[in-house]
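Chemist:
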Amino acid sequence: MRTHSRWPVRAATAALLITAAACGQEEPPPAAPRAQAATTTCAAKGDLTMWERSGGNKQMVDMLVAAWNTKNPDCEIKLTYIPHTEMVGKIAQGVASGEVPDLLGMDLIYAPQFEKEQQLVDLTGQLKDWPELKTASKGHMTVATWENRLYGVPLYADVSALFYNKDLFTRAGLDPDKPPTSLAELRTYADKITALGGGVKGYYLPGNCAGCNIFTVGPLMWASGATIEAAGPGDEPLVGDGVKQVLQFTRDMVAAGNVPEGARAENGETFHLQFGSGKVGMMGTGNFNITLARQQNPKMSFGIALLPGMTPNSSASFIGGDLVVVPKGSKRVNDAVNVMKFLLSDEVQTEVYAKALNLTTRTDMVNNKYFQAEPLVQDVAKALTVGRTPYTVTFFEQINSPQGPWLKMLQRAYYRDDALDTVIADAKKEMKAIASRS
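Residue numbers for the sequence shown, in mature numbering (1 follows the signal peptide of the UniProt record, and there is no 0): -24 to -1, 1 to 414.
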C-alpha cells in the first residue's frame, strides 16, 4: 500500500504460518550458508527468483531489478508479482512446502510475524558489520530485527508528511512558505481555507480506511507523545495524553466543516487522488503524491512539511514500504545478500533511487544532485529522520483491519458524540485482548 489502505490477512494465513512453524520443529531448519564477503555481483551463476507484492512501488522495484540485471547478466533476477492480498499466505505456504523464491520483497509491517515464526533466514552474521546499515531507514531496520537478529534491509521507503496547497494558502491570506508547525495552527489555517467556499476544504481525513489513518493520523499522536499499538502480551496500547488530544482535534475538524463530507466513505481506493484535486488545503499523505499531484494538477503550487503534534515544532511520520528478505529454504542466500549490498550501495542509492526521484533508503544519501532539481523530495525525505514503524505481530488485527479497534475508535471520534475517554477505553481493551493472543 502506497497509502497503507488495506492489508488483509486471512485466518487461513495464520494457519499456514503455524503449520510451517510446526514443520520446522519436526526437523531443525538448515543453517544459513557460511557467511562470505558481500559484493554487488553474483556469488553463483544462474537466474535468481524474486517475489514482490503488487500494489507497492512497482516502478521503483522494476528499476532496481533492471539495474541489477544489467550489471549481472549471468544471474539475472526473474521477478514475479504476487497479488497483495495473497502475498502473506503464499509466502507461508511456500515455506511450508519448500517452494520458495531466492529472495522476497515483503511489506515491512509483516516482517516481525515471519521472523517470530522463523520463516526467514537469519542474516545477522552476513549483514551486521555493513557501514551502510548505520544510515539505513530506522523504521525498516526496526522491523527487520527480531530478538536482536537481523533478517533484511530496505527495498523502498514510503513516508507520510503534510502536503499543503500554496495556491489556497495565498487565497486565504496565509503565508505559502510557512506551513503549520502545531495542530492548533493547522486548525486555524484550515478554518481560513474552508472559508473560501466553492467546495474547498481545509483538511482531509479518510473516514473508512484504517491503514490511511495509521499512516497520517498515527503520526499526529506520536508527535504528541502517545503510543498507539500494543507490541505484545501485557503491553499497554493508546498511552499518553496525545491520544485524546488528537482525537479531539480530529473531531473538531470534522464538526467545523473542514473535512469534505465524501471523506467519510474513503476506504483508501481514492485517497491518493484527493490532494491533486486542488480542493484540499492540507492533508497527510505520502511521498508518492508528489508525482501524482503533478500529473493531476500541473499548475498547482504545493509544499511539504512534517506532520505536527500538539506542541509547536513537534513532528512525526509513518515509515512504510518494503524490505528485502530471504525465505527459509532459499538455495541462493549468498546471492540474495549480494543483492542487498547492491541496493544499499552509494551508486544505486544515487543513480537509481535518487535519479528517479524516489526516496533513498539511506538518510545520508538524500543530499544528491538529483534531489536538487526537485526540492520537494528533499522536504519529504526529512520525514525519515522523525519516522517510525509499528512493531507488533498483530498489526493487522489491532490496527489495519477494517473491523479492528483502531478504525472503530477513530470513526466514533470523527462522527459520533461518545465521550472520548470511553472511546479510548473500549479500543484499549480490544487491542490488549488481541495482543494477549499473540
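Ideal Cβ placement from N, Cα and C applies to all residues, glycine included.
#1: Counting C-beta neighbours from all protein chains within 10 Å, is the total for TYR391 16 or more, i.e. buried, or is it exposed?
#2: Using a Cβ-Cβ cutoff of less than 7 Å, which residues in the same chain neighbour VAL328 once the five nearest sequence positions on both sides are dropped?
#3: If you reduce the DSSP assignment to three classes, tell me which class PHE139 lands in.
#4: On the criterion of 16 or more Cβ atoms from any shown chain inside 10 Å, does GLY174 qualify as buried, or is it exposed?
#5: Please name the residue or residues paired with GLY279 in a DSSP beta bridge.
#6: As an exercise, report each continuous alpha helix (DSSP H) stretch of at least 4 residues that is fully enclosed by the region 164 to 246, in chain order.
#7: Taking ILE85 as the reference, which of TYR346, ASP311, PRO366, LEU282 has the closest Cα?
#8: Report the three-state DSSP secondary structure of TRP27 (helix, strand or coil).
#9: CA-CA distance, THR267 and PHE139?
#10: Would DSSP call LEU319 helix, strand or coil?
#11: Among the candidates HIS248, LEU131, ASN263, ALA202, whose CA atom is the shortest distance from the CA of ALA137?
#12: Any idea what DSSP makes of LYS114, helix, strand or coil?
#13: Buried or exposed: which applies to THR336, given that a residue is buried once 16 or more other Cβ atoms fall within 10 Å of its Cβ?
#14: Measure the alpha-carbon distance for ASN265 versus PHE251 and round it to whole angstroms.
#15: Check for me: the alpha helix (DSSP H) holding TYR390 runs from which residue to which?
#16: What is the residue span of the alpha helix (DSSP H) that THR56 lies within?
#17: Tell me whether ASN310 is buried or exposed, calling it buried when 16 or more other Cβ atoms sit within 10 Å of its Cβ.
#18: Hey, out of VAL235, ALA411, GLU242, whose CA is closest to ASP167's CA?
#19: Can you tell me where the alpha helix (DSSP H) with LEU352 in it begins and where it stops?
#20: Between the alpha carbons of GLY218 and LYS66, how many angstroms are there, rounded?
#21: Please list the terminal residues of the continuous beta strand (DSSP E) segment that includes ILE295.
#22: How would you label LYS405, buried or exposed, when you count the other beta carbons within 10 angstroms and need 16 or more for buried?
#23: Quick one: measure Cβ to Cβ for SER200 and VAL222, integer angstroms, because I've assumed they're closer than 8 Å.
#24: Do you know how far the Cα of THR100 is from the Cα of GLN89?
#25: Would ARG338 be called buried (16 or more neighbouring beta carbons within 10 Å of its own) or exposed?
#26: Following the continuous beta strand (DSSP E) through LEU79, name the residue where it begins and the one where it ends.
Modeler: Inspection of the coordinates gives the following:
#1: Under the 10 Å beta carbon count, TYR391 is surrounded by fewer than 16 other beta carbons and is classified as exposed.
#2: Closer than 7 Å at the Cβ level, and outside the excluded window around VAL328, lie MET39, LEU40, ALA43.
#3: Look at PHE139 here: in three-state DSSP terms it is strand.
#4: Label assigned to GLY174: exposed.
#5: GLY279 pairs with TYR140.
#6: For the region 164 to 246, the full-length alpha helix (DSSP H) segments reaching 4 residues or more read 186 to 192, 194 to 199, 217 to 231 along the chain.
#7: Per the Cα distances, PRO366.
#8: Under the three-state reduction of DSSP, TRP27 is assigned to strand.
#9: Approximately 12 Å, taken between the alpha carbons.
#10: The three-state reading of DSSP puts LEU319 in helix, counting H, G and I together.
#11: Ranking HIS248, LEU131, ASN263, ALA202 by CA distance to the CA of ALA137 puts ASN263 first.
#12: In the structure shown, LYS114 sits in a helix (DSSP, three-state: H, G or I).
#13: So THR336 ends up on the buried side.
#14: Roughly 8 Å separates the two Cα atoms.
#15: That run of the alpha helix (DSSP H) goes 381 to 391.
#16: Segment 53 to 58 is the beta strand (DSSP E) holding THR56; no alpha helix (DSSP H) there.
#17: With 16 or more other Cβ atoms within 10 Å, it is buried.
#18: Selected option, being the one with the closest Cα: VAL235.
#19: From DSSP, the alpha helix (DSSP H) with LEU352 extends over 351 to 357.
#20: If you take the alpha carbons of GLY218 and LYS66, they lie about 38 Å apart.
#21: From DSSP, the beta strand (DSSP E) with ILE295 extends over 291 to 301.
#22: Looking at its Cβ environment, which holds fewer than 16 other Cβ atoms inside 10 Å, LYS405 is exposed.
#23: Cβ-Cβ separation between SER200 and VAL222: approximately 6 Å, consistent with a contact (criterion under 8 Å).
#24: Between GLN89 and THR100, the C-alpha separation is close to 18 Å.
#25: Around the Cβ of ARG338, a 10 Å sphere holds 16 or more other Cβ atoms; the residue is buried.
#26: Unbroken beta strand (DSSP E) run through LEU79: 79 to 83.
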